[in-house]
Amino acid sequence: MKAVVLVGGEGTRLRPLTYSTPKPLLPIGNQPFLERQLEWLAGYGVDEVVLAIGYLPDAFDQHFPEHEYAGVKLRYRVESEPLGTAGAIRFAAEGIDERIVVCNGDVLTTLDLGELVAFHEKTGADASIALTHVDEPSAFGVVPTFPDGEVRGFVEKPPRGKAPTKWINAGTYVLEPSVLAAVPPRLQVSIERTTFPRMLDRRGRMYAVQSDAYWIDIGTPGKYLEAHTDLLAGKIGAPPAPGAVETGPGVWVQGDVDVHADAQLFAPLLLGAGCVIEAGAVVRGSSIGAGAHVEAGAEVVRSVVLDGATVGPDVRLLDSVLGADARIGVGGSATNETVIGADSVIAAGSLLSNARVPAEG
Ligand code: GDD
Ligand code: MG
0 MKAVVLVGGE GTRLRPLTYS TPKPLLPIGN QPFLERQLEW LAGYGVDEVV
50 LAIGYLPDAF DQHFPEHEYA GVKLRYRVES EPLGTAGAIR FAAEGIDERI
100 VVCNGDVLTT LDLGELVAFH EKTGADASIA LTHVDEPSAF GVVPTFPDGE
150 VRGFVEKPPR GKAPTKWINA GTYVLEPSVL AAVPPRLQVS IERTTFPRML
200 DRRGRMYAVQ SDAYWIDIGT PGKYLEAHTD LLAGKIGAPP APGAVETGPG
250 VWVQGDVDVH ADAQLFAPLL LGAGCVIEAG AVVRGSSIGA GAHVEAGAEV
300 VRSVVLDGAT VGPDVRLLDS VLGADARIGV GGSATNETVI GADSVIAAGS
350 LLSNARVPAE G
């Protein structure tokens, strides 16, 4: 089976991390998200993936120089300008004249793709779509259905309080070639706002499977952090990261790490290979990247420290993300979903906070 993964978005809500790394290549639990997604697809028999690329195209080539991962052959289609979701799928799938799977490139899920494909075959639908239940649907595509699973409508990002249901588009589709044949080539077209609604207007057959599997869109700082919390809580499976070994309840370690006897570790935790936790440091509910340093007296709580980053002495990192190889100088702090970009150097004593996210109690 072939799949198209949409990886062309700029990831604006995760800036500045996405200035240098496209969102699908940002690590989740010390593994680039796209690797996890390719493993998931491979688990359902997908053997070829076309990456629908727009933003930072070279990063994908550099990351997968063999054009292969987890037994999946990778092809790249680079848009010269964003074609929107349907335009990008159509462009990426040129030359493929068979049923395809399509995924958004920012959804971490344990969804049963096999069930979606089986249901698609059973109903003989033109398009099938996985749905997940959320408390606040206004940031998503909202999809009401009939009792037999047939889709009644598709409302992308309805105003708050106006959504007809809390079942939303989980960003995973099975599409017959007829769906893409209806998309004009090389034009900017949204599958959510144009292709699906138009298909329904023309009485196309679209079915949905409601899933209660784990599901999260990693595209905002809060959700990126939440994905890590869930990963560490075992919601995506164990081990939470490749090669991680549980050295104590909820403490997962990848390779050799250097933890000082006077450092305090509180589960759940993921410590990447070669990381250093110095004396008096406290690390709690966090993911620490390979080769990262948490220096003396620093406190890292519910945070993500990416590879090679340094949390300087007596720094406090709370509910925040420190980009790869970035550094916070002595006595500084970053709190409330602060996101610090790769290679940044934050001066000693700097107090960073994301004012849009109110501090706790
Ligand atoms: N190649 C390409 N070209 N990819 C694109 C483009 C484009 O022009 N525009 C967006 N993408 C990719 C993004 O990289 C992402 O992987 C995916 O398409 C969805 O875009 P987002 O920008 O993340 O959309 P969203 O999260 O606001 O909403 C979408 O996902 C929700 C589920 O997370 C919609 O599909 C919603 O209906 C859905 O509920
Ligand atoms: Mg998204």
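Numbering (numbering that gives the first Met the number 0), first residue to last: 0 to 360.
We put the beta carbon where it would ideally sit given N, CA and C, even for glycine.
- In this structure Ala308 is in contact with Ala325, their Cβ atoms being roughly 5 angstroms apart against a cut-off of 8 angstroms.
- Asp216 has its CB nearer than 7 angstroms to a heavy atom of ligand 1.
- Just so you know, the alpha carbons of Ala92 and Val133 end up roughly 30 angstroms apart.
- According to DSSP, residue pairing for Gln263 in a beta bridge involves Val281.
- Membership of Tyr172 in any alpha helix (DSSP H) is not indicated; the residue belongs instead to the beta strand (DSSP E) covering Trp166 to Leu174.
- For Trp214, the beta-bridge partners assigned by DSSP are Thr108.
- Taking Pro31 as the centre and dropping the five residues before and after it, the same chain places the C-beta of Pro23, Leu24, Leu25 and His62 closer than 8 angstroms to its C-beta, in chain order.
- The beta carbon of Lys1 sits no closer than 7 angstroms to any heavy atom of ligand 1.
- Cβ-Cβ separation between Leu305 and Val282: approximately 15 angstroms, too far for a contact (criterion under 8 angstroms).
- Taking 7 angstroms as the cut-off, one finds at least one heavy atom of ligand 1 near enough to the beta carbon of Val6.
- Taking a cut-off of 8 angstroms for Cβ pairs, the stretch 29-43 and the stretch 93-107 touch, as three or more such pairs fall below it.
- In the DSSP assignment, His62 is bridged to no other residue.
- Ligand 2 has a heavy atom closer than 7 angstroms to the beta-carbon of Asn103.
- Here Val154 is not near Pro146, since their CB atoms are 8 angstroms or more apart.
- With a threshold of 7 angstroms, the Cβ atom of Lys22 counts as near ligand 1, since some heavy atom of the ligand is closer than that.
- The DSSP-derived three-state label of Ala333 is strand.
- In the DSSP annotation of this structure, the continuous segment of the beta strand (DSSP E) that includes Leu73 starts and ends at Val71 to Val77.
- Residues Ala129, Ala169, Thr171, Ser210, Ala212 and Trp214 of the same chain have their beta carbon placed closer than 7 angstroms to that of Leu110, with the five preceding and five following residues left out of the count.
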